[in-house]
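Undergrad: Provided herewith is a single structure, encoded as structure tokens, for subsequent inquiry.
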Amino acid sequence: MRQKTDRLIVAFFTTHDAMAFEEACLSRGVPGRLIPLPREISAGCGLAWSAPPEEEEAVRRTLTDAGITEQAMRRCMV
Amino acid sequence: MIYLDNAATTMHKPQAVIDAVVNAMSTFGNASRGAHEGALTSSRVIYRTRAKLAAFFGCPSSEQVIFTCNATEALNIALMGLFEPGDHVISTEMEHNSVLRPLYRLQNEHGVSLDLVPADRTGRIDPAEIERRIRPETKAIVCTHASNLTGNRNDLTRIGRIAEDHGLLFVVDASQTAGAAYINMEEMKISVLCFTGHKSLMGPQGTGGLCIRGDIPIRPFKVGGSGVQSFLTVQPPEYPTRLEAGTLNGHGIAGLSAAIDYINETGREVIEAKETALMMRFYRGVKDVPGVTVYGDFSTEDRSPVVSLNIWDLDSALVADELAQTYEIATRAGAHCAPLMHRALGTEQQGAVRFSFGWFNTEDETDRAIEAVREIAERGRPE
Numbered sequence: 002m003r004q005k006t007d008r009l010i011v012a013f014f015t016t017h018d019a020m021a022f023e024e025a026c027l028s029r030g031v032p033g034r035l036i037p038l039p040r041e042i043s044a045g046c047g048l049a050w051s052a053p054p055e056e057e058e059a060v061r062r063t064l065t066d067a068g069i070t071e072q073a074m075r076r077c078m079v
Numbered sequence: 318m319i320y321l322d323n324a325a326t327t328m329h330k331p332q333a334v335i336d337a338v339v340n341a342m343s344t345f346g347n348a349s350r351g352a353h354e355g356a357l358t359s360s361r362v363i364y365r366t367r368a369k370l371a372a373f374f375g376c377p378s379s380e381q382v383i384f385t386c387n388a389t390e391a392l393n394i395a396l397m398g399l400f401e402p403g404d405h406v407i408s409t410e411m412e413h414n415s416v417l418r419p420l421y422r423l424q425n426e427h428g429v430s431l432d433l434v435p436a437d438r439t440g441r442i443d444p445a446e447i448e449r450r451i452r453p454e455t456k457a458i459v460c461t462h463a464s465n466l467t468g469n470r471n472d473l474t475r476i477g478r479i480a481e482d483h484g485l486l487f488v489v490d491a492s493q494t495a496g497a498a499y500i501n502m503e504e505m506k507i508s509v510l511c512f513t514g515h516k517s518l519m520g521p522q523g524t525g526g527l528c529i530r531g532d533i534p535i536r537p538f539k540v541g542g543s544g545v546q547s548f549l550t551v552q553p554p555e556y557p558t559r560l561e562a563g564t565l566n567g568h569g570i571a572g573l574s575a576a577i578d579y580i581n582e583t584g585r586e587v588i589e590a591k592e593t594a595l596m597m598r599f600y601r602g603v604k605d606v607p608g609v610t611v612y613g614d615f616s617t618e619d620r621s622p623v624v625s626l627n628i629w630d631l632d633s634a635l636v637a638d639e640l641a642q643t644y645e646i647a648t649r650a651g652a653h654c655a656p657l658m659h660r661a662l663g664t665e666q667q668g669a670v671r672f673s674f675g676w677f678n679t680e681d682e683t684d685r686a687i688e689a690v691r692e693i694a695e696r697g698r699p700e
């Protein structure tokens with residue numbers, strides 16, 4: 002297994018929101034990628050955005066500008 | 318074969334649509350079911366297709382574009398999910414059974430009352446008759462954009478204004494128009510637009526959907542796997558997941574996406590103008606043939622590219638079979654799932670032969686169809 006690293010994780014209510022957020026991050030150059038929703042955030046399934054922790058401000062701004070309400074956002078080792 | 322059954326489905330598709338489906342079938346995982354590249358590829362295409370459809374139909378929120386397998390499913394979701402016992406709904410005699418049967422079910426099983434605005438002998442309804450039927454408990458106006466039998470179109474702008482003036486929902490069946498006719502949900506005050514992907518949109522069969530404008534909570538028609546919020550005991554309340562339980566037709570939606578691109582690149586107005594011109598060419602070629610009765614209102618060209626007719630008192634099934642077997646012309650005979658429209662036109666027994674034109678038809682094909690009608694009329698002349 003690869004070594005876990007400290008990441009900022011954003012969970013979404015719908016796949017549509019996850020897709021919209023990915024598109025917004027790509028267009029703004031906000032780094033990160035979609036990953037399976039880790040259990041540290043929520044039990045269940047779905048997509049989450051994994052970003053470097055230092056990008057939190059950019060991530061929050063992108064969520065606001067894209068009109069997306071996150072289901073959860075926190076740092077964790079994934 | 319000369320294919321003139323485009324109101325049933327556009328059999329000839331743009332090559333880009335076929336290519337998109339074939340490509341999707343070897344590259345798509347299950348959308349919303351995983352974060353590997355195959356699942357994400359499918360999810361991204363579906364996401365972008367929602368956005369394209371929202372832009373195409375003037376729907377303000379792409380997450381409120383819901384995919385279904387056809388317009389019938391979309392109409393069932395909308396109609397069964399909007400009304401409560403005691404509500405009153407106004408619809409018309411122009412409707413297809415995909416509207417009528419859900420409405421009859423609501424009436425018979427769910428305590429919803431129903432008024433159907435009558436059509437005249439040309440198959441038209443008067444929007445003022447809709448307004449006259451509005452009562453305090455009226456919840457919605459439900460109507461087709463165009464009759465699948467006559468091609469007559471309803472004035473959605475006028476009906477939408479009536480709905481807005483009275484605070485009613487406006488549900489539109491765009492099965493016969495989506496893709497070719499101008500539709501803007503904002504301008505026309507449409508609350509819910511139900512469409513199919515395989516007719517004028519020229520996408521694959523098994524695609525369709527509903528677009529929802531504004532804050533309208535439609536009850537889920539089906540519940541089940543969503544790929545998100547798995548431990549909820551109910552369907553997640555957020556659109557589009559709210560109405561999309563189960564795996565989507567990702568392969569078909571990829572084709573629909575390519576179809577919208579094709580229409581946008583070609584020009585919707587260009588497509589509509591060609592189809593209208595072929596329809597009018599055919600109409601003018603057959604309307605004065607002895608024995609031919611054409612149905613519908615041709616006083617305006619603002620209509621869908623359909624010409625339904627009968628020849629003498631010949632069974633429409635016999636005429637359609639003759640067209641297919643002798644002339645290799647594909648049409649549709651019978652009742653067209655529009656029983657009240659046939660009653661209004663007086664064609665319940667005979668049915669009608671429907672010629673419906675599409676983007677890939679030509680003037681030569683149209684002229685050969687005119688000639689075939691003339692010959693059948695001559696041969697079928699009563700003695």
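Quick note, the sequences are listed as chains A and B, same order.
Counting from 2, one number per residue, gives the positions in the first sequence under this note's numbering.
Counting from 318, one number per residue, gives the positions in the second sequence under this note's numbering.
All C-beta atoms in this analysis are idealised placements derived from N, C-alpha and C, irrespective of residue type, glycine included.
Within its chain, find whatever has a CB closer than 6 angstroms to the CB of ALA463/B; leave out the 5 residues flanking it on each side and keep chain order.
TA: Around ALA463/B: ARG470, GLN493, THR494 and SER621.
Undergrad: Considering only the beta carbon of each residue, do PRO557/B and GLN546/B sit closer than 7 angstroms?
TA: No, Cβ-Cβ distance for PRO557/B and GLN546/B is not below 7 angstroms.
Undergrad: Which residue marks the beginning of the alpha helix (DSSP H) containing GLY567/B, and which one marks its end?
TA: Its alpha helix (DSSP H) spans residues 567-583.
Undergrad: Pairs of beta-carbons, one from the segment 684-695 of chain B and one from the segment 587-603 of chain B, closer than 8 angstroms: are there three or more?
TA: Result yes; three or more Cβ-Cβ pairs closer than 8 angstroms.
Undergrad: I need the boundaries of the beta strand (DSSP E) containing THR455/B, first residue and last residue.
TA: Looking at the DSSP string, the run of the beta strand (DSSP E) that includes THR455/B is 455-461.
Undergrad: With DSSP as the reference, label PHE674/B as helix, strand or coil.
TA: It is coil, neither helix nor strand.
Undergrad: Does the CB of THR364/B have a neighbour CB from chain A at under 7 angstroms?
TA: For the sequence presented, residue 364/B should be read as Tyr rather than Thr. It does: the Cβ of TYR364/B has a partner Cβ on chain A nearer than 7 angstroms.
Undergrad: Could you work out which residues of chain A lie near GLN522/B, taking near to mean beta carbons separated by less than 7 angstroms?
TA: Those do not exist, as GLN522/B stays about 24 angstroms from chain A at its closest Cβ, beyond 7 angstroms.
Undergrad: With DSSP collapsed to three states, give me the class of THR385/B.
TA: If DSSP states are grouped into helix, strand and coil, THR385/B belongs with the strands.
Undergrad: Can VAL694/B and VAL636/B be called in contact, C-beta distance under 7 angstroms?
TA: Checking the sequence, you will find Ala at residue 694/B rather than Val. No, the pair does not count as a contact, with Cβ atoms beyond the cut-off.
Undergrad: So for MET505/B, helix, strand or coil by DSSP?
TA: It is helical.
Undergrad: Quick one: which chain A residues come within Cβ less than 7 angstroms of ALA352/B?
TA: Near ALA352/B (Cβ distances below 7 angstroms), the residues of chain A are LEU35, ILE36, PRO37 and LEU48.
Undergrad: Find the residues of chain A that neighbour GLU555/B, judging by a C-beta separation of less than 9 angstroms, and give them in chain order.
TA: Going along chain A in sequence order, the residues near GLU555/B (Cβ under 9 angstroms) are PHE14, THR15, HIS17 and ASP18.
Undergrad: Are the CB atoms of PHE672/B and THR648/B within a distance shorter than 7 angstroms?
TA: Yes. Within cutoff.
Undergrad: Using 10 angstroms around the beta-carbon of ALA445/B, count the other beta-carbons present and answer buried if the total reaches 16, otherwise exposed.
TA: Exposed, since its Cβ has fewer than 16 Cβ neighbours within 10 Å.
Undergrad: Using DSSP's beta-bridge definition, name the partner residues of CYS77/A.
TA: According to DSSP, which records beta bridges pairwise, CYS77/A is partnered with ARG8/A.
Undergrad: Whose C-beta lies closer than 6 angstroms to the C-beta of ARG8/A among residues of the same chain, with five residues either side of it excluded?
TA: Only SER51 and VAL79 meet the Cβ criterion.
Undergrad: Taking GLY45/A as the query, report the chain B residues whose CB atoms sit under 9 angstroms from its CB, ordered along the chain.
TA: What GLY45/A touches in chain B: VAL545, GLN546, SER547, PHE548 and LEU549.
Undergrad: Rounded to whole angstroms, what's the CA-CA distance from ARG61/A to PRO39/A? Just pull it up for me.
TA: Spanning the two alpha carbons is a distance of roughly 20 angstroms.
Undergrad: Quick one: residues in its chain with C-beta nearer than 6 angstroms to the C-beta of GLY572/B, no 5 flanking neighbours on either side, listed in chain order?
TA: Same-chain partners within the cutoff: VAL334, ALA337, VAL338, GLY520 and PRO521.
Undergrad: Could you check whether ILE507/B and PHE538/B sit closer than 7 angstroms to each other, using their CB atoms as the reference points?
TA: Taking 7 angstroms as the Cβ cut-off, PHE538/B and ILE507/B do not qualify as a contacting pair.
Undergrad: If the cut is a Cβ gap below 7 angstroms, which residues of chain A does LEU370/B touch?
TA: Within chain A, no residue comes near LEU370/B; the closest Cβ sits about 13 angstroms away, beyond 7 angstroms.
Undergrad: For chain C, is any of its Cβ atoms less than 7 angstroms away from the one on CYS376/B?
TA: Although the question refers to chain C, the structure presented lacks it and instead comprises the protein chains A and B.
Undergrad: Does DSSP put SER625/B in a helix, a strand or coil?
TA: Note: SER625/B maps to strand in three-state DSSP.
Undergrad: Write down the C-beta distance between LEU370/B and CYS528/B rounded to the nearest angstrom, noting that I regard them as a contact closer than 8 angstroms.
TA: Indeed, because the Cβ distance is near 7 angstroms, the residues count as touching under 8 angstroms.
Undergrad: Using a cut-off of 7 angstroms between C-beta atoms, extract the partners of ARG361/B located in chain A.
TA: What ARG361/B touches in chain A: MET20.
Undergrad: Which residues in the same chain have their Cβ closer than 6 angstroms to the Cβ of TYR579/B, if we skip the five residues on either side of it in sequence?
TA: Answer for TYR579/B: PRO331 and ALA333, listed in chain order.
Undergrad: Return the CA-CA distance between ALA562/B and ARG696/B, expressed in angstroms with no decimal places.
TA: Whole-angstrom Cα-Cα distance: 54 angstroms.
Undergrad: DSSP three-state call for ASN471/B: helix, strand or coil?
TA: ASN471/B: coil per DSSP, three-state reduction.
Undergrad: When you compare the segment 426-434 of chain B with the segment 379-390 of chain B, are there three or more beta-carbon pairs, one atom per stretch, that lie closer than 8 angstroms?
TA: Taking 8 angstroms as the limit for Cβ pairs, the verdict is that the segment 379-390 of chain B does not touch the segment 426-434 of chain B.
Undergrad: Note down, in chain order, each residue of its chain lying with its Cβ closer than 8 angstroms to the Cβ of GLY663/B, except the 5 sequence neighbours on either side.
TA: Taken in chain order, the residues that qualify are ARG438.
Undergrad: What is the DSSP secondary structure of THR648/B, reduced to helix, strand or coil?
TA: Three-state result, THR648/B: coil.
Undergrad: Expressed to the nearest angstrom, what Euclidean distance is found between the alpha-carbon atoms of GLU1/A and MET502/B?
TA: As displayed, chain A neither begins before 2 nor continues past 79, which places residue 1/A out of reach and without an answer.
Undergrad: For THR513/B, does the three-state DSSP call read helix, strand or coil?
TA: Three-state result, THR513/B: strand.
Undergrad: As a quick exercise: from VAL459/B, PHE548/B and PHE400/B, pick the residue whose alpha carbon is nearest that of PHE14/A.
TA: Here the closest residue by C-alpha is PHE548/B.
Undergrad: Which two residues bound the contiguous alpha helix (DSSP H) that contains ARG660/B?
TA: Looking at the DSSP string, the run of the alpha helix (DSSP H) that includes ARG660/B is 656-662.
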